[in-house]
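Number of protein chains: 2
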Amino acid sequence: MLIRTATTTRTPGRLFPGASTDSLSAAMELMGACISYVRNFEIYGEGEPTEYLYKVVSGTVRSCKLLDDGRRQVTAFHMPGEIFGLEVGDTHSFSAEAIADSTIIVVKRSAILGLAARDVEIAHQLWTLTARELQRVQDHMLILGCMGAKEKVAAFLLQFSKRCSDSNEIKLPMSRQDIADYLGLTMETVSRTMNQLEHDATITLPTSRRIVLRNRAALKRLNA
Amino acid sequence: MLIRTATTTRTPGRLFPGASTDSLSAAMELMGACISYVRNFEIYGEGEPTEYLYKVVSGTVRSCKLLDDGRRQVTAFHMPGEIFGLEVGDTHSFSAEAIADSTIIVVKRSAILGLAARDVEIAHQLWTLTARELQRVQDHMLILGCMGAKEKVAAFLLQFSKRCSDSNEIKLPMSRQDIADYLGLTMETVSRTMNQLEHDATITLPTSRRIVLRNRAALKRLNA
DNA sequence: CGATCGCTTGATTCCGATCAACAGGAGTGG
DNA sequence: CCACTCCTGTTGATCGGAATCAAGCGATCG
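Chains as they are written, first to last, in my numbering: chain A, 851 to 1074; chain B, 851 to 1074.
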C-alpha cells in the first residue's frame, strides 16, 4: 500500500487550466479542495465507498480494473479538465491511480448530489457525463475486441493526439505498460509496434515518451 | 437493408413479462406502442437519429458496432424486461438488431425526456440506467482485454445464466457467431471451446443452443 | 429430395505472448 | 566525478493459442 502524501489547500477561485465553463465543473472548483498526489499513488480502490468526485487539474490519472492474478485492464486515462470517479452505486467498481504527480480537485459526492437534487441543470450534466463516458468506453470495446496490435496502437495515438493537443507532437505521461494494459497487449508488443511505425516513417520517436505523428493518413488507414 | 415487417398494436396496459415496477418502465408501457420485429431485422442503425426508446417484451436484441471491413463487436444482448436505445446524443452510436423474432415496446424519446424534465424520479432513473450500462460495459472490457478463449466463454456462460434463469439449463437465443463477436473470438474458437468444456464434464450440450452447467465452480475457476 | 444454414471438426498458419538479455537514463551516494 | 542501482524501454528467440482455410455434418424448409 502506498503512503498518502497529500497536500491539501483551498482552491483559489477558478484559475485552473482546462477549467470548462459548464456549471458542474464550476461548482466543483468552488466547493472542492485541491489535493496533490504523487506518482503511482492510489486515489481510490475498487470496492471503496464512492465518497468523492474528482477533477484533474494537472497530471494524469488512470482508471483500472484488476483480476486477482494481477492482470490489469486500464479502462481510461483522465487528463486535465476531466472529471472522474462518478458512479451511481455506493462503491467504486474500479480503482484510480495517479500516473504522474498530479493535482486534483476533490469534492464530496453528497454535496454534488445535493446540488443536483435542486438544480436540474446540474443533474442533467451528471447524466451527460456518464453517457459520454459510456460512449467512450464502447469505442474502446471495438479496439479491444476487433483490432490487431498495429491497429490498436494507431487508434491509441490518434485518440490521444486529438485529446491533448492538436499538434503532431505528443508527450505521453504514461508508461508502455500502461498503454499495453489499455490496449490489451503486452509492453513488448507496444514497444515493437511503435518502433515498427517509426521504421515505416509513420511516426518519429525523439524519446520514448515523445511521439511525432508524421503521417496521420497512414495511421487512420490502419484503423479502417 | 431489411424490410420492416412491423405489426403495430397499442399496448394493453401492463401485462408484459419482465415488466419492472419502476416508474420509467411503467411509463414506457403506458405511453409506448408494441412492435414485432422478425429475426435479423435492424431496429436502428449506427448514425440514425435517436428518436425512440425501446423495451424488450419478448425475444432478444443485440447492440453492435461495425468496422467498415465487416468486423463486428457485439456490445450487448438485451433480454426481456430490459430497456435499450438510450443515448444522450441525437444519433445512435451503434446499431440494434433482433436476434430472434421479438416484440418490443417503442416510445418517443422526446416524450420520455419531457417526462424527465418534470419528474425528478424519472430523470434519476434515466441516469441510473446509463450508469448501470456503463458498469456492465466496463466488466465486458475486462473480458475482452484480459482473458483467453476458455475464460471468455466461461465468463459468458456464467453471466448469461445469471441473467435469464437461475437454473443450470440455458437456452441460447443467439448464434455462435454472435457469441464470438461478443467475446472477441471467432465462431470456430467458441465452438471448439464449448465442446472442450463438455469433454471436461464442465457443461453438457444437449443441442447447440441448449447448455447445462454441470460444474459452476470449474467455470468460476477459469474466470479467476 | 436438394438446398441452405448453422455448427462442428481438422490442418495449418501466423500473430502476439513469453522468456531472456541488454541498453539507456535518472537518481543516489561515495 | 564516477560507480552503483533502479527503472523503463528495447530487442531477440522461441512458443503457443487463436485465426484461417477447408471440408463435412445435421438440421430445417421449400
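Virtual Cβ for every residue (Gly too), placed ideally from N, Cα, C.
Since we're looking at a predicted model, the values are computed, not measured.
Quiz item: Excluding sequence positions up to five away, which residues of its chain have a Cβ less than 6 Å from the Cβ of A961 (chain A)?
Solution: Locating residue 961 (chain A) in the first sequence gives position 111, where the first residue counts as 1. Cβ neighbours of A961 (chain A) beyond the five flanking positions: M881.
Practice problem: Verify the CB distance criterion: does S1011 (chain B) have a CB-CB separation below 8 Å to chain A? | Solution: Here residue 1011 (chain B) refers to the residue found at position 161 when the second sequence is read from its first residue. Chain A contact via Cβ: absent.
Quiz item: In terms of DSSP beta bridges, what is F944 (chain B) paired with?
Solution: Your numbering for residue 944 (chain B) matches position 94 in the second sequence. Note: F944 (chain B) sits in no beta bridge, so no partner.
Exercise. Ignore the nearest five residues each way along the sequence and tell me which others in T941 (chain A)'s own chain have a CB closer than 7 Å to its CB.
Key: Locating residue 941 (chain A) in the first sequence gives position 91, counting from the first residue. Only residues of its own chain outside the window of five on either side were considered, and among them G897, E898, P899 and T900 have a CB closer than 7 Å to the CB of T941 (chain A), listed in chain order.
Practice problem: Let me know the secondary structure DSSP gives I1061 (chain A) once reduced to three states. | Solution: As a position in the first sequence, residue 1061 (chain A) is number 211, starting the count at 1. The answer is strand: DSSP assigns I1061 (chain A) an E or B state.
Quiz prompt | Of the listed residues A:I893, A:D918, A:S945 and A:R922, nearest to D1028 (chain A) (C-alpha basis) | solution = By 1-based counting over the first sequence, the position of residue 1028 (chain A) is 178. Measuring C-alpha to C-alpha distances from D1028 (chain A) to each of A:I893, A:D918, A:S945 and A:R922 identifies A:R922 as the nearest.
Quiz item: Mind pulling the chain B residues with CB within less than 8 Å of Q923 (chain A)?
Solution: Numbered from its first residue, the first sequence carries residue 923 (chain A) at position 73. Neighbours of Q923 (chain A) in chain B, taken as residues whose beta carbon is under 8 Å from its own, are M991, L992, G995 and C996 in chain order.
Quiz item: Just reading off the beta strand (DSSP E) that L903 (chain B) is part of, what are its end residues?
Solution: As a first step, residue 903 (chain B) is located in the second sequence; it is residue number 53 there, counting from the start. It spans Y902 to S908 - the beta strand (DSSP E) in which L903 (chain B) sits, taken as one unbroken run.
Practice problem: With DSSP collapsed to three states, give me the class of A1019 (chain B). | Solution: Numbered from its first residue, the second sequence carries residue 1019 (chain B) at position 169. Correcting the residue type first, residue 1019 (chain B) is Glu in the shown sequence and not Ala. DSSP places E1019 (chain B) within a strand segment (E or B) once states are collapsed to three.
Practice problem: Anything in chain B within Cβ reach of F944 (chain A), meaning under 7 Å, just list it in chain order. | Solution: As a first step, residue 944 (chain A) must be located in the first sequence, where it is residue number 94. Simply Q988.
Quiz item: Is the shortest distance between the beta-carbon of T1036 (chain A) and the beta-carbons of chain B less than 8 Å?
Solution: Mapped onto the first sequence, residue 1036 (chain A) falls at position 186. Not closer than 8 Å to any Cβ of chain B, the Cβ of T1036 (chain A) fails to qualify, so no.
Quiz item: Residues in the segment 908–920 of chain B with C-beta within 8 Å of chain A's C-beta atoms, listed in sequence order?
Solution: The segment 908–920 of chain B vs chain A, Cβ under 8 Å: K915, L917, D918 and D919.
Quiz prompt | Reduced DSSP secondary structure (H/G/I, E/B, other) of A1068 (chain B) | solution = One-based indexing of the second sequence puts residue 1068 (chain B) at position 218. Looking at A1068 (chain B) - three-state DSSP - the assignment turns out to be helix.
Self-check item: Cβ distance (whole Å) where S913 (chain B) is taken to contact T925 (chain B) below 8 Å
Solution: The residue you call residue 913 (chain B) lines up with position 63 of the second sequence. The residue you call residue 925 (chain B) lines up with position 75 of the second sequence. Confirmed, about 5 Å.
Quiz item: Under the three-state reduction of DSSP, which class applies to S913 (chain A): helix, strand or coil?
Solution: The residue you call residue 913 (chain A) lines up with position 63 of the first sequence. Residue state, collapsed to three classes: strand.
Quiz item: Exposed or buried, which one is L1055 (chain B) when buried takes at least 16 other CB atoms within 10 Å?
Solution: Locating residue 1055 (chain B) in the second sequence gives position 205, counting from the first residue. Answer is exposed; the Cβ neighbour count stays below 16.
Self-check item: Residue-level contact to chain B via CB, A961 (chain A), 8 Å cutoff
Solution: Counting from 1 along the first sequence, the entry for residue 961 (chain A) is found at position 111. Put simply, the CB of A961 (chain A) is far from chain B, with every gap to its CB atoms at 8 Å or more.
Quiz item: What's the C-alpha gap between L944 (chain A) and K915 (chain A)?
Solution: Counting from one through the first sequence, the residue named residue 944 (chain A) turns up at place 94. Counting from one through the first sequence, the residue named residue 915 (chain A) turns up at place 65. For clarity, residue 944 (chain A) is Phe in the given sequence; the question names Leu instead. F944 (chain A) and K915 (chain A): Cα-Cα distance of roughly 5 Å.
Quiz item: Just reading off the beta strand (DSSP E) that T925 (chain A) is part of, what are its end residues?
Solution: Working through the first sequence from its first residue, we reach residue 925 (chain A) at position 75. Element bounds for T925 (chain A): R922 to H928.
Quiz item: Hey, how far is the Cα of C1014 (chain A) from the Cα of M929 (chain A)?
Solution: What you label residue 1014 (chain A) is simply residue 164 of the first sequence in a count that begins at 1. What you label residue 929 (chain A) is simply residue 79 of the first sequence in a count that begins at 1. Taking the straight line joining both Cα atoms gives about 8 Å.
Quiz item: For S1011 (chain A), does the count of other Cβ atoms within 10 angstroms reach 16, so buried, or fall short, so exposed?
Solution: Mapped onto the first sequence, residue 1011 (chain A) falls at position 161. The residue in question, S1011 (chain A), is buried, as its Cβ has 16 or more Cβ neighbours within 10 Å.
Quiz item: Mind pulling the alpha helix (DSSP H) runs of 4 or more residues that sit fully within the segment 973–1050 of chain B?
Solution: The segment 973–1050 of chain B contains these whole alpha helix (DSSP H) runs: 999–1014, 1026–1033 and 1037–1049.
Quiz item: Looking at the structure shown, is M851 (chain B) part of a helix, part of a strand, or coil, going by DSSP?
Solution: To locate residue 851 (chain B), count along the second sequence from 1; it is residue 1. With a pLDDT of 36 at M851 (chain B), under the threshold of 50, the modelled position of this residue cannot be trusted; read the value that follows with caution. Reduced to three states, the DSSP call for M851 (chain B) is coil.
Quiz item: Who does S886 (chain A) pair with in a DSSP beta bridge?
Solution: One-based indexing of the first sequence puts residue 886 (chain A) at position 36. Beta-bridge pairing by DSSP links S886 (chain A) to A:T953.
Quiz item: Looking at C-alpha atoms only, which residue of A:L1072, A:R889 and A:A1067 is the closest neighbour of T1043 (chain A)?
Solution: Working through the first sequence from its first residue, we reach residue 1043 (chain A) at position 193. Answer by Cα proximity: A:L1072.
Quiz item: Do the segment 883–890 of chain B and the segment 930–937 of chain B make contact, defined as three or more Cβ pairs closer than 8 Å?
Solution: No, because fewer than three Cβ pairs between the segment 883–890 of chain B and the segment 930–937 of chain B fall closer than 8 Å, the two stretches do not touch.
Quiz item: Among residues of its own chain, excluding the 5 on either side of N1065 (chain A), which ones have a beta-carbon nearer than 6 Å to its beta-carbon?
Solution: As a working note, residue 1065 (chain A) is residue 215 in the first sequence. Same-chain partners within the cutoff: T1052.
Quiz item: Which whole-angstrom value is the C-beta distance of L1047 (chain B) and K1002 (chain B), which I expect to be below 8 Å?
Solution: Residue numbering aside, residue 1047 (chain B) sits at position 197 when the second sequence is read from its first letter. Residue numbering aside, residue 1002 (chain B) sits at position 152 when the second sequence is read from its first letter. About 12 Å separates the CB atoms of L1047 (chain B) and K1002 (chain B); that is not less than 8 Å, and the two are not in contact.
Quiz item: Taking 8 Å as the CB-CB limit, is Q985 (chain B) close to chain A?
Solution: The count along the second sequence starts at 1 and reaches residue 985 (chain B) at position 135. Closer than 8 Å to some Cβ of chain A, the Cβ of Q985 (chain B) qualifies, so yes.
Self-check item: C-alpha distance - T953 (chain A) paired with L903 (chain A), whole-angstrom precision
Solution: One-based indexing of the first sequence puts residue 953 (chain A) at position 103. One-based indexing of the first sequence puts residue 903 (chain A) at position 53. One C-alpha to the other measures close to 14 Å.
Exercise. Give the straight-line distance between the Cα atoms of E937 (chain B) and T978 (chain A), rounded to the nearest whole angstrom.
Key: Residue 937 (chain B) sits at position 87 when you count from the first residue of the second sequence. Residue 978 (chain A) sits at position 128 when you count from the first residue of the first sequence. E937 (chain B) and T978 (chain A) have their C-alpha atoms some 9 Å from each other.
Practice problem: Determine, using beta carbons only, whether S873 (chain A) and E971 (chain A) come nearer to each other than 8 Å. | Solution: Here residue 873 (chain A) corresponds to residue number 23 of the first sequence, with the count starting at 1. Here residue 971 (chain A) corresponds to residue number 121 of the first sequence, with the count starting at 1. Going by beta carbons, S873 (chain A) and E971 (chain A) fall inside the 8 Å limit.
Quiz prompt | Start-to-end residues for the alpha helix (DSSP H) that takes in E879 (chain A) | solution = Taking the first residue of the first sequence as 1, we reach residue 879 (chain A) at position 29. Note, E879 (chain A): alpha helix (DSSP H), S873 to M881.
Practice problem: Give the range of the alpha helix (DSSP H) segment to which L965 (chain B) is assigned. | Solution: Here residue 965 (chain B) corresponds to residue number 115 of the second sequence, with the count starting at 1. From DSSP, the alpha helix (DSSP H) with L965 (chain B) extends over R959 to R968.
Practice problem: Spell out the partners DSSP gives F934 (chain B) in its beta bridges. | Solution: Taking the second sequence and counting its residues from 1, one reaches residue 934 (chain B) at position 84. Bridge partners of F934 (chain B): B:Y904.
Exercise. For E896 (chain A), name the three-state secondary structure that DSSP assigns.
Key: On the first sequence, position 46 is the one that residue 896 (chain A) refers to. Looking at E896 (chain A) - three-state DSSP - the assignment turns out to be coil, as it is neither helix nor strand.
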